[in-house]
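A short worksheet on the structure shown next.
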Amino acid sequence: MDATDRKILAVLQVEGRLTVTELAQRVGLSVAPCHRRLRELERTCAIRGYRAVVDPSAIDLGFEVLVAVTMDREDAGTIAAFESGLATVPEVRHAERLFGEPDYLVRVATVDIAAYQRLRDEKLATLPGVRRLTSTIVMKRIVNERPFPTAPQSNAITRHH
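If you want it as structure tokens, here you go:
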């Protein structure tokens, strides 16, 4: 990946609906080479897809909770069953397995606190291997859907020393 590919990624992260012609103008390429690079970035999964970013409150899912999950068993079967079950819960927006405690951090979106309480008690707490759920209500998002930096950060730090 070279600097031009990184420019393409930077532009598309902010404005994913540009035409290839508009993209080519923004990154200083003619259309054909820009199109080839774009297809290669898609083929290699550097670009994994395109989608609309939806305001959760516009679809009545503005109540967000971060759920720390601590497991009571961590054998392969329990972990697989937990992760498989978690993946079927539509209210789960993000889920990461962590080193240390908690074992998982899960972001959930619901209509309100009552809906979250039902989800917690009826779905999340009943997943295989769950010992404890610790819920933290999101007050406000400070950084959201920020584009990835397109320049390697370690090089930028090294140059300043």
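Here the sequence shown is numbered in the UniProt record's numbering, starting from 1 and rising by one per residue. All C-beta atoms in this analysis are idealised placements derived from N, C-alpha and C, irrespective of residue type, glycine included.
Contiguous beta strand (DSSP E) assignments of at least 3 residues, all confined to the region 112-152 = 130-137
Neighbour-count burial assignment, alanine 109, 16 or more Cβ in a 10 Å radius = Your numbering for residue 109 matches position 109 in the sequence shown. Counting the other CB atoms within 10 Å of its CB gives alanine 109 a total of 16 or more, which places it among the buried residues.
Classify leucine 66 as helix, strand or coil using the three-state DSSP reduction.
-> Position 66 of the sequence shown, counting from 1, holds the residue named residue 66. In the structure shown, leucine 66 sits in a strand (DSSP, three-state: E or B).
Three-pair Cβ contact test at 8 Å for the region 112-127 versus the region 16-23 = no
Could you tell me whether the Cβ atoms of aspartate 103 and valine 69 are closer together than 7 Å?
-> Sequence index remark: in the sequence shown, residue 103 carries index 103 (1-based). Sequence index remark: in the sequence shown, residue 69 carries index 69 (1-based). Yes, the Cβ-Cβ distance between aspartate 103 and valine 69 is below 7 Å.
From the DSSP output, in three-state form, read off residue 162 for me.
-> No information on residue 162 is available, as it lies outside the stretch 1 to 161 that the chain covers here.
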